[in-house]
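Novice: For the sequence shown, the numbering used here assigns the number 81 to the initial residue and increments by one for each residue that follows. In this text, a Cβ means the ideal position worked out from N, Cα and C, and glycines have one as well.
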Amino acid sequence: MVFTGILITASVIGAFHYLITQPLLGVDFIPSYANRFLWTFMEIALVVFFIKEARKVIATIPQYAKLVYAILLLVMVVGAGAIQVYALQHFGTNQWYQNAQQDLSEQHKSLIEFMKKYTDVNDVVLTTPELGFALNGLTGRKLVVTRRAQNDAFYDFDPNFRDASVILYGKPSKETTAKKIELLKKYNIKYVYWDTYWIESEYRFDENFNIRDWFDPLIVFDTPSNRAYLGQYGVLFTPLFTWLDPTLKGPRFKQLNLLFIQPGYRSFDLPWKADLDPYLKEVWSHTSTHNGKEVKVAVLYRIDLDNPSVLPLEEPLNEKRT
């Protein structure tokens with residue numbers, strides 16, 4: 081009874097505490113998606129508690145009433161089970177649940193095999209937040225940035241996001257390049273991962289290459305310190321009052337003052353600034369046939385600060401790739 085009471089209390093507080101904390105503090109202490117887990121366990125606990133107490137009641141009532149009581153109990157249990165079956169069927173039609181039933185692509189199978197064989201589980205990889213959380217789920221390798229919503233709700237991700245912005249998109253200069261090397265060492269970054277979803281995982285463009293929508297780019301909160309830090313190293317940004325989580329948009333969710341990093345992509349397959357290239361050594365790639373030609377659709381680069389190349393990976397700094 082004590083455990084059930086604690087669980088019910090925690091579930092109610094988790095689900096409705098925002099009615100008090102939002103007006104007073106402007107914050108939720110439990111992400112809304114966590115309530116689904118709390119309520120599910122609470123429902124199970126209530127059913128078990130009800131069955132346990134029902135057995136005690138049945139033992140004290142006349143024989144003729146036990147049958148009626150048992151029927152009512154059976155109806156309630158079957159009803160609860162039917163609700164759960166309906167919920168599972170509903171989840172089964174969800175896009176993401178259906179995707180989860182599909183086999184991994186050859187690209188991801190090859191990447192997993194390479195990472196397991198040649199890298200350590202604690203190696204740190206730099207990529208976009210969206211590519212990162214998938215990479216972590218597939219290989220367990222550590223990240224500089226990932227989806228905020230899939231981590232500790234109280235962890236300050238701003239330093240990670242603004243540092244990743246400097247490494248990838250800081251305007252090349254002697255000061256900025258030195259800072260990039262410093263940050264690569266600070267986070268002990270061993271690899272940079274790119275695939276064809278890099279740009280689309282951050283921004284969506286129209287036919288004229290104008291940004292029409294955003295998905296999960298590098299974002300930090302709009303503060304004087306963040307503006308100063310990004311500006312010092314030539315990282316462009318756009319201030320917006322909007323939602324932080326790419327999957328939680330709408331009137332139910334709080335909007336915030338944010339700084340959206342403007343990547344200024346150099347090219348499709350080398351989106352970061354050119355001064356990072358000399359420190360990248362390709363160690364794995366996956367190709368696909370496009371218009372009769374084999375093209376790279378995913379590449380893993382190893383960071384090598386001790387032996388930088390004179391020029392970028394395949395071409396001079398001033399040559400534009402398309």
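Go through the segment 302–336 residue by residue and report every complete run of the beta strand (DSSP E) that reaches 3 residues or more, in order.
Specialist: 316–322, all fully within the segment 302–336.
Novice: Return the first residue and the last residue of the alpha helix (DSSP H) that Tyr-273 is part of.
Specialist: What you label residue 273 is simply residue 193 of the sequence shown in a count that begins at 1. That residue, Tyr-273, is in no alpha helix (DSSP H); its beta strand (DSSP E) goes 269–275.
Novice: What whole-angstrom Cβ distance do Glu-362 and Val-377 have, given they're in contact under 8 Å?
Specialist: Residue numbering aside, residue 362 sits at position 282 when the sequence shown is read from its first letter. Residue numbering aside, residue 377 sits at position 297 when the sequence shown is read from its first letter. About 14 Å separates the two Cβ atoms, so there is no contact after all.
Novice: From this set, Pro-239, Asn-290, His-366, which residue's C-alpha is nearest Phe-301's C-alpha?
Specialist: Taking the sequence shown and counting its residues from 1, the one referred to as residue 301 is at position 221. It is Pro-239.
Novice: Quickly, what does DSSP pair His-370 with across the bridge? List them, please.
Specialist: Counting from one through the sequence shown, the residue named residue 370 turns up at place 290. BP columns for His-370 point to Lys-373.
Novice: The alpha helix (DSSP H) with Val-82 in it runs from where to where?
Specialist: Start at 1 with the first residue of the sequence shown, and residue 82 comes out as number 2. That run of the alpha helix (DSSP H) goes 82–96.
Novice: Could you have a look at Lys-251 and say whether DSSP puts it in helix, strand or coil?
Specialist: Taking the first residue of the sequence shown as 1, we reach residue 251 at position 171. It is coil, neither helix nor strand.
Novice: Pull up the distance between the alpha-carbon of Leu-126 and that of Pro-142, whole angstroms please.
Specialist: Taking the first residue of the sequence shown as position 1, residue 126 is located at position 46. Taking the first residue of the sequence shown as position 1, residue 142 is located at position 62. If I take the Cα positions, the gap works out to 26 Å.
Novice: What span of residues does the beta strand (DSSP E) with Tyr-198 cover, start to end?
Specialist: Mapped onto the sequence shown, residue 198 falls at position 118. Careful: Tyr-198 lies outside any beta strand (DSSP E), inside the alpha helix (DSSP H) at 186–198.
Novice: Using three-state DSSP, classify Gln-182 as helix, strand or coil.
Specialist: Start at 1 with the first residue of the sequence shown, and residue 182 comes out as number 102. Gln-182: coil per DSSP, three-state reduction.
Novice: Scan the segment 196–242 and note each continuous beta strand (DSSP E) run of 3 residues or more that stays entirely inside, going in chain order.
Specialist: Within the segment 196–242, the complete beta strand (DSSP E) runs of at least 3 residues are 204–206.
Novice: Could you tell me which residues DSSP pairs with Gln-342 in its beta bridges?
Specialist: In the sequence shown, counting from the first residue as 1, residue 342 sits at position 262. Gln-342 pairs with Leu-316.
Novice: With distance defined between alpha-carbon atoms, name the residue in Glu-262, Val-204, Gln-178 nearest to Tyr-313.
Specialist: Position 233 of the sequence shown, counting from 1, holds the residue named residue 313. Of Glu-262, Val-204, Gln-178, the residue nearest in Cα terms is Glu-262.
Novice: Determine whether the beta carbon atoms of Ile-279 and Pro-351 lie at a separation below 8 Å.
Specialist: Locating residue 279 in the sequence shown gives position 199, where the first residue counts as 1. Locating residue 351 in the sequence shown gives position 271, where the first residue counts as 1. A contact, by the Cβ cut-off of 8 Å.
Novice: Assuming Pro-343 and Tyr-249 make a contact with CB atoms under 8 Å, what is their CB distance in whole Å?
Specialist: Here residue 343 refers to the residue found at position 263 when the sequence shown is read from its first residue. Here residue 249 refers to the residue found at position 169 when the sequence shown is read from its first residue. Yes, they are in contact, since the Cβ atoms of Pro-343 and Tyr-249 sit about 5 Å apart, within 8 Å.
Novice: Classify Asn-306 as buried or exposed, calling it buried when 16 or more other Cβ atoms lie within 10 Å of its own Cβ.
Specialist: In the sequence shown, counting from the first residue as 1, residue 306 sits at position 226. With 16 or more other Cβ atoms within 10 Å, it is buried.
Novice: Unbroken alpha helix (DSSP H) runs of length 4 or more, entirely within the segment 98–181: which are they?
Specialist: Counting only runs of 4 or more, we get 98–105, 114–138, 143–172, 175–180.
Novice: If Tyr-271 and Val-205 are in contact, beta carbons under 8 Å, what's the gap, nearest whole angstrom?
Specialist: Within the sequence shown, numbered from 1, the residue matching residue 271 stands at position 191. Within the sequence shown, numbered from 1, the residue matching residue 205 stands at position 125. That pair is a contact at about 5 Å.
Novice: Do the segment 352–371 and the segment 245–259 make contact, defined as three or more Cβ pairs closer than 8 Å?
Specialist: In short, these stretches touch, since the Cβ pair count reaches three.
Novice: Given a threshold of 16 other Cβ atoms within 10 Å of its Cβ, counted over all protein chains shown, does Thr-327 qualify as buried or as exposed?
Specialist: The residue you call residue 327 lines up with position 247 of the sequence shown. Thr-327 comes out exposed.
Novice: How long is the line joining the alpha carbons of Leu-338 and Gly-161, rounded to whole angstroms?
Specialist: Position 258 of the sequence shown, counted from the start, is the residue given in the question as residue 338. Position 81 of the sequence shown, counted from the start, is the residue given in the question as residue 161. Answer to the nearest angstrom: the Cα atoms are 44 Å apart.
Novice: Where does Gly-217 land, buried or exposed, given buried means 16+ other C-beta within 10 angstroms?
Specialist: One-based indexing of the sequence shown puts residue 217 at position 137. The residue in question, Gly-217, is exposed, as its Cβ has fewer than 16 Cβ neighbours within 10 Å.
Novice: Could you work out which residue in Leu-336, Glu-193, Arg-284, Asn-387 is closest to Gly-106 when comparing CA atoms only?
Specialist: Start at 1 with the first residue of the sequence shown, and residue 106 comes out as number 26. Among Leu-336, Glu-193, Arg-284, Asn-387, the Cα nearest to that of Gly-106 belongs to Leu-336.
Novice: Among Lys-334, Arg-228, Pro-304, Glu-255, which has the Cα closest to the Cα of Pro-297?
Specialist: One-based indexing of the sequence shown puts residue 297 at position 217. Minimum Cα distance to Pro-297 is reached at Arg-228.
Novice: Whose C-beta lies closer than 6 Å to the C-beta of Gln-102 among residues of the same chain, with five residues either side of it excluded?
Specialist: Locating residue 102 in the sequence shown gives position 22, counting from the first residue. Nothing meets the Cβ criterion.
Novice: Classify Phe-213 as buried or exposed, calling it buried when 16 or more other Cβ atoms lie within 10 Å of its own Cβ.
Specialist: To locate residue 213, count along the sequence shown from 1; it is residue 133. Phe-213 is buried by the Cβ-count criterion.
Novice: So Phe-317 packs on Phe-340, CB below 8 Å; how close in whole Å?
Specialist: Counted from its first residue, the sequence shown places residue 317 at position 237. Counted from its first residue, the sequence shown places residue 340 at position 260. That pair is a contact at about 6 Å.
Novice: Measure the alpha-carbon distance for Ile-100 versus Phe-237 and round it to whole angstroms.
Specialist: As a working mapping, residue 100 is identified with position 20 in the sequence shown. As a working mapping, residue 237 is identified with position 157 in the sequence shown. Going from the Cα of Ile-100 to the Cα of Phe-237 covers about 26 Å.
Novice: Roughly how many whole angstroms lie between the Cα atoms of Ile-247 and Leu-264?
Specialist: As a working note, residue 247 is residue 167 in the sequence shown. As a working note, residue 264 is residue 184 in the sequence shown. Cα to Cα, the separation comes out at about 8 Å.
Novice: Just to check my reading of the structure: Tyr-309 and Arg-242 have Cβ atoms closer than 8 Å, yes? What is that Cβ distance to the nearest angstrom?
Specialist: Along the sequence shown, one-based indexing puts residue 309 at 229. Along the sequence shown, one-based indexing puts residue 242 at 162. About 6 Å separates the two Cβ atoms, so the contact holds.
Novice: According to DSSP, simplified to helix, strand and coil, what is Ile-383?
Specialist: If you number the sequence shown from 1, residue 383 lands on position 303. DSSP places Ile-383 in strand when its eight states are reduced to three.
Novice: State the DSSP-derived secondary structure class of Ile-299, mapped to helix, strand or coil.
Specialist: In the sequence shown, residue 299 corresponds to position 219, counting from 1. Correct three-state label for Ile-299: strand.
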